[in-house]
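These protein sequence lines map, in sequence, to chains A and B. Here our numbering is used: the first residue of the first sequence is 3, the next is one more, and so on. Here our numbering is used: the first residue of the second sequence is 856, the next is one more, and so on. A virtual CB, placed ideally from N, CA and C, is assigned to each residue, including glycine.
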Amino acid sequence: MEMFVLSFTIFILALFVGVELINKVPPTLHTPLMSGTNAISGIVIVGAIISAGSTDLSPTVAGVLGFLAVTLASINIVAGFLVTDRMLNMFKRKG
Amino acid sequence: MFVLINFSYLAAAVCFILGIKGMTKPTTAVRGNQIAAIGMLIAVVAAMLDKDIISYATIIAGMLLGGGIGVWLAKRTAMTQMPELVASLNGIGGAASVAVATSTWLNALAANNLGSSGWSVAILASIIIGAVTLTGSLVAVLKLKGSIGETTKGKLWQAVTLITLITVIAGSALFVTSSEHNPLALAALVGLCLLLGVGLVQPVGGADMPVVVALLNAYSGLAGAATGFVLDNQGLIITGSLVGASGLILTAVMCKAMNRSLPNVLFGGAFGQTDSGPKQDEGEFYAGKVKYATPDDLALLLDGARNVVMVPGYGLAVAQAQHAVKELASQLEKRGAKVSYAIHPVAGRMPGHMNVLLAEAEIPYDQLKDMDAINPELPQADVAIVLGANDVVNPAAAEDPGSPIYGMPILDVHKAKTVIVVKRSLSPGFAGIPNGLFIRDNSLMVKGDAKDVLQATTSAFKEL
Chain A
3 MEMFVLSFTI FILALFVGVE LINKVPPTLH TPLMSGTNAI SGIVIVGAII SAGSTDLSPT
63 VAGVLGFLAV TLASINIVAG FLVTDRMLNM FKRKG
Chain B
856 MFVLINFSYL AAAVCFILGI KGMTKPTTAV RGNQIAAIGM LIAVVAAMLD KDIISYATII
916 AGMLLGGGIG VWLAKRTAMT QMPELVASLN GIGGAASVAV ATSTWLNALA ANNLGSSGWS
976 VAILASIIIG AVTLTGSLVA VLKLKGSIGE TTKGKLWQAV TLITLITVIA GSALFVTSSE
1036 HNPLALAALV GLCLLLGVGL VQPVGGADMP VVVALLNAYS GLAGAATGFV LDNQGLIITG
1096 SLVGASGLIL TAVMCKAMNR SLPNVLFGGA FGQTDSGPKQ DEGEFYAGKV KYATPDDLAL
1156 LLDGARNVVM VPGYGLAVAQ AQHAVKELAS QLEKRGAKVS YAIHPVAGRM PGHMNVLLAE
1216 AEIPYDQLKD MDAINPELPQ ADVAIVLGAN DVVNPAAAED PGSPIYGMPI LDVHKAKTVI
1276 VVKRSLSPGF AGIPNGLFIR DNSLMVKGDA KDVLQATTSA FKEL
């Protein structure tokens, strides 16, 4: 239970950091911000890696789901960061 | 080792914070994105070192497959399709959360090692938020593409949503408290949550999709935070709440720009249609009052203009006219005119969509003005060119208390000396109401596709 209270404290504090930080992002960059945070939300890959790796190669439902999770999270991360980079480079060119 | 791994997750979270901080300025944004990507790499390596991992084959196969698809998606997508891509990625992230939570639960069940009820709540939160994000995003993508239109069964969908919601809550309570652990019960719950996602987004109108996409962005972050609670991983919790906060702020920005509350956007759609009163007859509204012009007239008018404001809307994206705008603007600037771009927060189909399109055409971002910056300047503008925008320039929002969009902040285009409206037809915008701007004394209408009209104007302008 103590662990949960600690985690929850961190969760709430991080929300405040997020609000402070994101309020400073200009509207011009809102689309790259969305695709960038989208890539960051691919952090669930951490859970995906652990559950995909902790089952044996024998195909269990859990193993298949783990594989699926790694694949989906990788799509999210790779596409998110690359497309954000593509957009941001267009903003960089001029100005 | 355990301590080192946990410090790595913290380092990753710090990278994400620094990365987003970089995004506060266009000049540092590319670097910020790279820092965030490095953070992700650190997190992935740390996860690989986890003591529970006994086989790497599945992990590497999944990464290669997912990475390949990711590269293909990122390279292939045109800037005009960015809202669909971001919405799809939200959904994919939600699906990943569902898969992680379900798989973790099944593994724990097989090892007879199910956690406390707090842990079960976290598993359920990942599943519910993830599943709603998945199907909600799917519906949003189809609506953005125009594959599904407005629903006429709004009330039916709301009833379905309400019943599903109650069942999900009851089912979750049972799941957490029950001592029996049946995988089929979990599967049924996942199914219900998927239906809930459809029911929540289906009744929302196409015009409100920017809000929905931003909200689903927040959900995908919160699903990640829930996964952090499942794994007792603070790095994940921090990261998830950052993304959640980002999505929530963008949602609030969008709602404010439409002068509506979030519940009104999400649940008002279906009821709103019934009480909007008798529809105004468009034919009668516009009859004989609209003055039409040709691209040649527009070129002549622009020849004498010193201060030109472009007002891009979704029509610009549809016509892929961003390069044509730039071409005309360069010609105007060559003759000494000042050109700026007025961008309404909800122009386009997602926050900041217009900015990305114009940046693609190499228009310097300091010429892109947001609503508060450009409105005081519009009365000084010689010509304002409205390119496929409608409701965001409707003066009724400022002047007619009886209008359904009254109170919505608009671009004060009608205050410019001359307004040129480039539009394919007189059909109403998303709000479904006629636009008084089109019949004002100072406005002229050029009918046609934004790209064609701009190109014709540019060539006529060059010949002057």
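* How many whole angstroms separate the CB atoms of B:MET1300 and B:PRO1206, which I take to be in contact at a CB cut-off of 8 Å? -> In fact, because the Cβ distance is near 29 Å, the residues do not count as touching under 8 Å.
* Asked: Are the C-beta of A:VAL19 and some C-beta of chain B separated by less than 8 Å?
  -> In terms of beta-carbon proximity, A:VAL19 lines the interface with chain B, with at least one pair separated by less than 8 Å.
* In its own chain, which residues sit with a C-beta less than 6 Å from the C-beta of B:ASP1130, not counting the 5 before and 5 after it? -> With a pLDDT of 39 at B:ASP1130, under the threshold of 50, the modelled position of that residue is not reliable, and the figure given next carries that caveat. Cβ-Cβ distances below 6 Å link B:ASP1130 to nothing in the same chain once the five nearest sequence neighbours on each side are left out.
* Asked: So, B:GLY877 versus B:ARG886, is the Cβ gap smaller than 8 Å?
  -> The beta carbons of B:GLY877 and B:ARG886 sit closer together than 8 Å.
* To do: Inspect the CB distances between the segment 1076–1089 of chain B and the segment 1026–1046 of chain B and report whether three or more fall short of 8 Å.
  => The segment 1076–1089 of chain B, when compared against the segment 1026–1046 of chain B, does not touch it at the 8 Å Cβ threshold.
* For B:SER952 versus A:LEU17, is the C-beta distance shorter than 8 Å? -> In this structure, B:SER952 keeps its C-beta atom at 8 Å or more from the C-beta atom of A:LEU17.
* Scan the segment 1075–1159 of chain B and note each continuous alpha helix (DSSP H) run of 4 residues or more that stays entirely inside, going in chain order. => Scanning the segment 1075–1159 of chain B from its first residue to its last, the whole alpha helix (DSSP H) runs of 4-plus residues come out as 1089–1112, 1117–1129, 1137–1141, 1150–1158.
* Could you list the residues in the segment 1200–1234 of chain B with a C-beta less than 7 Å from some C-beta on chain A, going in chain order? => Residues PRO1200, MET1205, PRO1206, GLY1207, HIS1208, ASN1210, VAL1211, ALA1214, GLU1215, GLU1217, PRO1219, TYR1220, ASP1221, LEU1223, ASP1225.
* Asked: Taking the alpha helix (DSSP H) that B:ILE1294 falls in, what are its first and last residues?
  -> B:ILE1294 -> no alpha helix (DSSP H), and no H or E assigned at all.
* Specify the secondary structure class of B:ASP1225 as computed by DSSP and reduced to three states. => Judged by DSSP in its simplified three-state form, B:ASP1225 adopts strand.
* Asked: Can you give the Cα-Cα distance for B:ASN1210 and B:PRO1167, rounded to whole angstroms?
  -> B:ASN1210 and B:PRO1167: Cα-Cα distance of roughly 10 Å.
* Asked: By DSSP, does B:LEU1281 sit in helix, in strand, or in coil?
  -> Reduced to three states, the DSSP call for B:LEU1281 is coil.
* What did DSSP end up calling B:MET856 once you bin it into helix, strand or coil? -> It is coil, neither helix nor strand.
* Closest Cβ-Cβ distance between B:SER1096 and chain A: below 8 Å? -> Contacts with chain A at 8 Å (Cβ-Cβ) include B:SER1096.
* Assigned secondary structure, B:LEU961 (DSSP; H/G/I helix, E/B strand, else coil) -> It is helical.
* Reduced DSSP category for A:ASN91 - H, G, I as helix; E, B as strand; rest coil -> In the displayed model, A:ASN91 falls within a helix according to three-state DSSP.
* Amino acids of chain A, ordered along the chain, whose beta-carbon sits closer than 7 Å to that of B:ILE1093 -> Here the neighbours are ILE12, ALA16.
* Over what stretch of residues does the beta strand (DSSP E) that includes A:LEU31 continue unbroken? -> Run containing A:LEU31: none; DSSP gives neither H nor E here.
* Check the DSSP bridge columns for B:LEU1242 and list the partner residues they point to. => For B:LEU1242, the pairing in a beta bridge is given by DSSP as B:PRO1167, B:VAL1277.
* Do A:ALA54 and B:GLY923 have their C-beta atoms within less than 8 Å of each other? -> In this structure, B:GLY923 does not lie closer than 8 Å to A:ALA54 by Cβ.
* Asked: What distance in whole Å lies between the Cβ atoms of B:GLY948 and B:SER1075, which are believed to be in contact at a cut-off of 8 Å?
  -> Contact between B:SER1075 and B:GLY948 holds: CB atoms are separated by about 4 Å, below the 8 Å threshold.
* **Euclidean distance between Cα positions of B:VAL1247 and B:ILE1240** => Here the alpha carbon of B:VAL1247 sits roughly 13 Å from the alpha carbon of B:ILE1240.
* Beta-bridge pairing of B:ILE875 - partner residues as DSSP gives them -> None, per the DSSP bridge assignment.
* Asked: Cβ of A:VAL7 less than 8 Å from any chain B Cβ?
  -> No, because no Cβ of chain B sits closer than 8 Å to the Cβ of A:VAL7.
* Excluding sequence positions up to five away, which residues of its chain have a Cβ less than 8 Å from the Cβ of B:THR959? -> So the qualifying residues of the chain are ILE978, VAL1085, LEU1086.
* To do: Under 8 Å by Cβ, that's how I've got A:THR30 and B:PRO881 pegged, so tell me the actual separation to the nearest angstrom.
  => Here A:THR30 really is in contact with B:PRO881; their C-beta atoms are around 7 Å apart, less than 8 Å.
* Asked: So, do the segment 890–905 of chain B and the segment 862–871 of chain B have three or more beta carbon pairs nearer to each other than 8 Å?
  -> Because the criterion of three Cβ pairs below 8 Å is met, the segment 890–905 of chain B and the segment 862–871 of chain B touch.
* May I have the straight-line CA-CA distance separating B:GLY946 from B:ASP1237, to the nearest angstrom? => Going by the C-alpha atoms only, they are around 45 Å apart.
* **Nearest neighbour of B:ALA1014, chosen from B:ALA1040, B:LEU1051, B:SER1027 [CA to CA]** => In terms of CA proximity to B:ALA1014, B:LEU1051 leads the group B:ALA1040, B:LEU1051, B:SER1027.
* B:MET918: CB within 7 Å of a non-hydrogen atom of the ligand SAH -> The ligand SAH is not part of this structure, which contains no ligands at all.
* Hey, would you say B:ILE908 sits closer than 8 Å to A:SER76, going by beta carbons? -> In this structure, B:ILE908 sits away from A:SER76, with a CB-CB distance that is not shorter than 8 Å.
* In the DSSP assignment, what are the bridge partners of B:TYR1196? -> B:TYR1196 is bridged by DSSP to B:MET1165, B:LEU1223.
* To do: Give the straight-line distance between the Cα atoms of B:PHE1140 and B:ILE1288, rounded to the nearest whole angstrom.
  => Each residue's alpha carbon lies about 10 Å from the other.
* B:VAL1301 in three-state terms, based on DSSP -> Secondary structure at B:VAL1301: strand, using DSSP grouped into helix, strand and coil.
* To do: Identify whether A:GLY65 lies in helix, strand or coil by the three-state DSSP scheme.
  => Note: A:GLY65 maps to helix in three-state DSSP.
* **Ranges of the alpha helix (DSSP H) found wholly within the segment 916–973 of chain B, counting only runs of at least 4** => Listed in chain order, they are 937–965.
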